[in-house]
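>
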Amino acid sequence: MASLKEELQQEIGKRRTFAIISHPDAGKTTLTEKLLLYGGAIHLAGSIKSRKTQRHAVSDWMEIEKQRGISVTSSVLQFDYDGCRINILDTPGHQDFSEDTYRTLMAVDSAVMIIDVAKGVEAQTKKLFRVCKQRNIPIFTFVNKLDRFGKAPLDLMDEIETVLGIRSYPMNWPIGVDGKYMGVYDRQKKRVELFAEDSTHGQEERVSEIFAPDAPEMIERIGQDAYDALQDDIALLDEAGEGFDLEKVAAGELTPMFFGSAMTNFGVQNFLEEYIRLAPPPAPRNSSDGKIEPDDERFSAFVFKIQANMNPAHRDRLAFIRICSGKFERNMSVWHNKSAKDIKLAQPQQFLAQDRQIIDTAYPGDIVGLFDPGIFGIGDTICDDAHKFSFEDFPVFPPEKFARVQAKDTMKRKQFVKGIEQLTQEGAIQLFQQAGAGTESYIVGTVGTLQFEVLEYRLKNEYNVDIILQMQPFEVARWMAFEDGSEVTPAALRGADRGMFVYDRKQNPVLLVNNEWALGWITDNNPKLQLNQVPFDRAVVGTGGK
Ligand code: G4P
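Numbered according to the working numbering, the sequence shown spans residues 1004 to 1549.
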């Protein structure tokens, strides 16, 4: 019988855990469905309900939230393909949820970036790409919608390099002239794949037509001009292009680039197979006790997402953990770093399309949903009692929008506090209390305005509380400390009334101000004051240009 170490090594080698990043409409939902289709997880693509409304407006988001079961189960998908276990973590498309996306990206080992062949690199893709880059994870590019008119592939490569600062290696190459594509040339297998006629609109798996690179029948079909152009392009890529270097891919310096069409299934299977071959299995993670290797027999995981009230009938709350080392077993006892207590992991769940399943075992790279009695927070570590440590804290986004929030009906204060605490633990909002003010209202900070609408909606729908929400004019928050360690109070701070003096959840002093100019005045007049965009013990997410 294999030892635990051997078992772990075998299972880890099979795991591929990734997220798909893209600008809304590039085809993330469609590609996800198609990957599942090839994985045999669903038999007819389209059985995951269309979430296309999710990305556009808050009303649509709320509509989706009414069907939480769907949006949540599709947020972590697992399937097997060719001996590998694939975990796909969904990321919200709307930019106001970039913090959620960021956390999800903390839990993956690689990312797939989808680019619309006609649109090239778009705003949201740029932002998400930067986050991946910060983590130095490998990024695979899927240029989608090849069935439509699109930009020239060489221009797209150029755009990726100049806009994102990463070089690309085309794994296949579109065939056709003037952006009217007929298929691709596979550079690895040295063969031509042409679009097969598809009358089902990609609803069923279809096989492309394959030809030798010089097959007369193929040349006749695509036309001599397209064939000649292809020959020229391939020669150019082989001679002048970047060579393929897996080490550069692993370091996030080179992105393997695939052309295809998710809707018509063209190039999807090939992409999946190459992705499995080239993408890395779970890697070691930094912790307070150095690097934790995935094949360390001692179990460890961290919480990257918390979602409450997914099932309105049960009002449950799930903490999603990413396993980093060891073997997960149902009912195991683990040590939780934040409470410094042992806890038992009962009723763990895994997700496959729309079914939630109770699971017994899981391995590094896997995502498990745990019923959470309200003890977990984002970034918490759970690990073997015999080897206590903490993974690095998640970096955080500085809040940029602020509002005063209180319950309309003071009799509902209890539910109000419960709801607002819940959303804070989920990481959707940051909570502050104004210095000297009563406890009937809070100051809520977020990274985007949509969060306030979500807050209002969820408090109403999940806690039956109507709120009064007054937007505040502040745009900047600064955590404060004096160099000499003395306490920062409204009285000790010169110009405290130029902004709002508040305390965060841990009673750290924070100043909210309108703009950098006001901040400059405060700095000039308080020479011993130290300021930070986020709590002093946390790192900031360097999204830049937000
Ligand atoms: P997203 O999750 O990234 O936001 O994109 P999604 O998959 O929802 O795709 C956005 C739109 O692009 C959809 O059209 C989808 O059908 C279409 N699409 C995705 N892949 C391809 C492709 O390879 N080729 C072409 N031509 N279109 C593609 P829609 O009209 O918004 O929705 P639907 O009516 O098709 O469902």
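Cβ atoms here follow ideal geometry from the backbone N, Cα and C, with glycine treated the same way.
(1) If you run the structure through DSSP and keep just helix, strand and coil, what is N1562?
(2) With respect to the beta strand (DSSP E) encompassing R1088, which residues constitute its N-terminal and C-terminal limits?
(3) Would you kindly work out how many angstroms separate the C-alpha atoms of Q1475 and A1406, rounded to a whole number?
(4) With three or more C-beta pairs closer than 8 Å as the rule, is the segment 1121-1136 touching the segment 1159-1169?
(5) First and last residue of the alpha helix (DSSP H) that includes F1455?
(6) Which same chain residues end up closer than 7 Å to G1608 when comparing Cβ atoms and leaving out the 5 residues on each side of it in sequence?
(7) E1242 to D1236, Cα distance in whole Å?
(8) Do you know offhand how far P1402's Cα is from Q1191's?
(9) What does the alpha-carbon distance come out to for the pair I1295 and N1467?
(10) Taking the continuous alpha helix (DSSP H) assigned at R1288, which residues delimit it?
(11) L1040 by DSSP, collapsed to three states: which one?
(12) Please report the straight-line C-alpha distance between I1073 and L1233, rounded to a whole angstrom.
(13) Would you mind working out which of I1362, K1391 and M1483 sits nearest Q1350, comparing C-alpha positions?
(14) Taking only the alpha-carbon atoms, compute the straight-line gap between E1332 and D1298 and give it to the nearest angstrom.
(15) What does the Cβ neighbour count give for N1289, buried or exposed, with the cut at 16 atoms within 10 Å?
(16) Does the beta carbon of M1266 fall short of 6 Å from some heavy atom of the ligand G4P?
(17) For F1400, which residues from the same chain have a beta carbon less than 6 Å from its beta carbon, with the 5 sequence-adjacent residues on both sides left out?
(18) Within the present structure, is the beta-carbon of T1020 separated from the nearest heavy atom of the ligand G4P by less than 6 Å?
(19) In terms of residue numbering, what span does the beta strand (DSSP E) encompassing V1079 cover?
(20) Taking Cβ positions, are S1113 and P1141 nearer each other than 7 Å?
(21) Which ranges does the alpha helix (DSSP H) cover as unbroken runs of at least 4 residues, wholly within the segment 1298-1346, from first to last along the chain?
(22) Strictly by DSSP, which residues pair up with R1481?
(23) Quick check: does the Cβ of N1175 come within less than 6 Å of any heavy atom belonging to the ligand G4P?
(24) Are the C-beta of N1175 and some C-beta of chain C separated by less than 7 Å?
(25) From which residue to which residue does the alpha helix (DSSP H) around I1381 run?
(26) Measure from the alpha carbon of I1213 to the alpha carbon of each residue in V1180, F1269, F1392 and R1280, then state which is nearest.
(27) I want to check one thing, is the minimum distance from the CB of K1183 to the heavy atoms of the ligand G4P below 6 Å?
(28) Are D1387 and R1325 close, meaning C-beta to C-beta below 7 Å?
(29) Would you list the one or two residues that DSSP bridges to A1440?
(30) Could you check how far apart the C-beta atoms of T1107 and A1022 are, in whole angstroms? I think they sit under 8 Å.
(31) Would you kindly work out how many angstroms separate the C-alpha atoms of P1493 and F1504, rounded to a whole number?
(32) Out of D1345, L1472 and F1374, state which residue places its alpha-carbon closest to the alpha-carbon of R1320.
(33) Might you give, ordered along the chain, the residues of its own chain that have their beta carbon closer than 8 Å to the beta carbon of A1286, omitting 5 neighbours on each side?
(34) Considering only the alpha carbon of each residue, which of Q1137, G1382, V1120 and N1175 lies closest to D1150?
(35) Is T1032 near the ligand G4P, going by C-beta to nearest heavy atom under 6 Å?
Taking the coordinates as given:
(1) Nothing about residue 1562 can be read from this structure; the chain reaches only from 1004 to 1549.
(2) Counting from 1 along the sequence shown, the entry for residue 1088 is found at position 85. C1087 to L1092 is the extent of the beta strand (DSSP E) around R1088.
(3) Residue 1475 sits at position 472 when you count from the first residue of the sequence shown. Residue 1406 sits at position 403 when you count from the first residue of the sequence shown. Q1475 and A1406: Cα-Cα distance of roughly 5 Å.
(4) yes
(5) Position 452 of the sequence shown, counted from the start, is the residue given in the question as residue 1455. It spans L1453 to Y1466 - the alpha helix (DSSP H) in which F1455 sits, taken as one unbroken run.
(6) In the structure as shown, the chain starts at 1004 and stops at 1549, and residue 1608 therefore has no counterpart that could be examined.
(7) What you label residue 1242 is simply residue 239 of the sequence shown in a count that begins at 1. What you label residue 1236 is simply residue 233 of the sequence shown in a count that begins at 1. About 10 Å.
(8) Looking up residue 1402 in the sequence shown gives position 399. Looking up residue 1191 in the sequence shown gives position 188. Straight-line Cα distance between these residues: approximately 47 Å.
(9) Here residue 1295 is taken as the residue at index 292 of the sequence shown, counted from 1. Here residue 1467 is taken as the residue at index 464 of the sequence shown, counted from 1. Computed Cα separation, rounded: 44 Å.
(10) Along the sequence shown, read from residue 1 onward, the residue named residue 1288 stands at position 285. It is not in any alpha helix (DSSP H) - R1288 instead sits in the beta strand (DSSP E) that spans R1288 to S1290.
(11) Locating residue 1040 in the sequence shown gives position 37, where the first residue counts as 1. Residue state, collapsed to three classes: helix.
(12) Here residue 1073 is taken as the residue at index 70 of the sequence shown, counted from 1. Here residue 1233 is taken as the residue at index 230 of the sequence shown, counted from 1. No answer about I1073 holds up, because its pLDDT of 35 lies below 50 and its placement is not dependable.
(13) Locating residue 1350 in the sequence shown gives position 347, counting from the first residue. The candidate whose alpha carbon is nearest that of Q1350 is I1362.
(14) Along the sequence shown, one-based indexing puts residue 1332 at 329. Along the sequence shown, one-based indexing puts residue 1298 at 295. Going by the C-alpha atoms only, they are around 15 Å apart.
(15) Your numbering for residue 1289 matches position 286 in the sequence shown. Exposed: under 16 other Cβ atoms inside 10 Å.
(16) Reading the sequence shown from its first residue, position 263 is the one you call residue 1266. Flag set: Cβ of M1266 near the ligand G4P.
(17) Taking the first residue of the sequence shown as position 1, residue 1400 is located at position 397. Counting only Cβ-Cβ distances below 6 Å, and skipping sequence neighbours, we find E1102, V1450 and V1544.
(18) For the purposes of this step, residue 1020 is identified with residue 17 of the sequence shown, where counting begins at 1. Result no, Cβ not under 6 Å from the ligand G4P.
(19) Within the sequence shown, numbered from 1, the residue matching residue 1079 stands at position 76. From DSSP, the beta strand (DSSP E) with V1079 extends over V1079 to Y1084.
(20) To locate residue 1113, count along the sequence shown from 1; it is residue 110. To locate residue 1141, count along the sequence shown from 1; it is residue 138. It is a contact, given that the beta carbons lie within the stated cut-off.
(21) none
(22) For the purposes of this step, residue 1481 is identified with residue 478 of the sequence shown, where counting begins at 1. In DSSP, R1481 forms a bridge with L1514.
(23) Along the sequence shown, read from residue 1 onward, the residue named residue 1175 stands at position 172. N1175: no, Cβ never under 6 Å from the ligand G4P.
(24) Chain labels in this structure do not include chain C; a single protein chain is all it has.
(25) On the sequence shown, position 378 is the one that residue 1381 refers to. Where I1381 is concerned, there is no enclosing alpha helix (DSSP H), given that its DSSP letter is neither H nor E.
(26) Here residue 1213 corresponds to residue number 210 of the sequence shown, with the count starting at 1. Per the Cα distances, F1269.
(27) Taking the first residue of the sequence shown as 1, we reach residue 1183 at position 180. Every heavy atom of the ligand G4P is 6 Å or more from the Cβ of K1183, so no.
(28) Position 384 of the sequence shown holds residue 1387. Position 322 of the sequence shown holds residue 1325. Going by C-beta atoms, D1387 is not nearer than 7 Å to R1325.
(29) For the purposes of this step, residue 1440 is taken as the residue at position 437 of the sequence shown. DSSP output for A1440 lists no bridge partner at all.
(30) Working through the sequence shown from its first residue, we reach residue 1107 at position 104. Working through the sequence shown from its first residue, we reach residue 1022 at position 19. With 8 Å as the limit, T1107 and A1022 qualify as a contact, their Cβ atoms being about 6 Å apart.
(31) In the sequence shown, the residue the question calls residue 1493 occupies position 490. In the sequence shown, the residue the question calls residue 1504 occupies position 501. Roughly 7 Å separates the two Cα atoms.
(32) One-based indexing of the sequence shown puts residue 1320 at position 317. Residue F1374 is the option with its Cα nearest to R1320.
(33) The residue labelled residue 1286 in the question sits at position 283 within the sequence shown. D1112 and P1297.
(34) The residue given as residue 1150 occupies position 147 in the sequence shown. Measuring from the Cα of D1150, the nearest candidate turns out to be V1120.
(35) On the sequence shown, residue 1032 is found 29 positions in, with the first residue counted as 1. Yes, since a heavy atom of the ligand G4P falls inside the 6 Å radius drawn around the Cβ of T1032.
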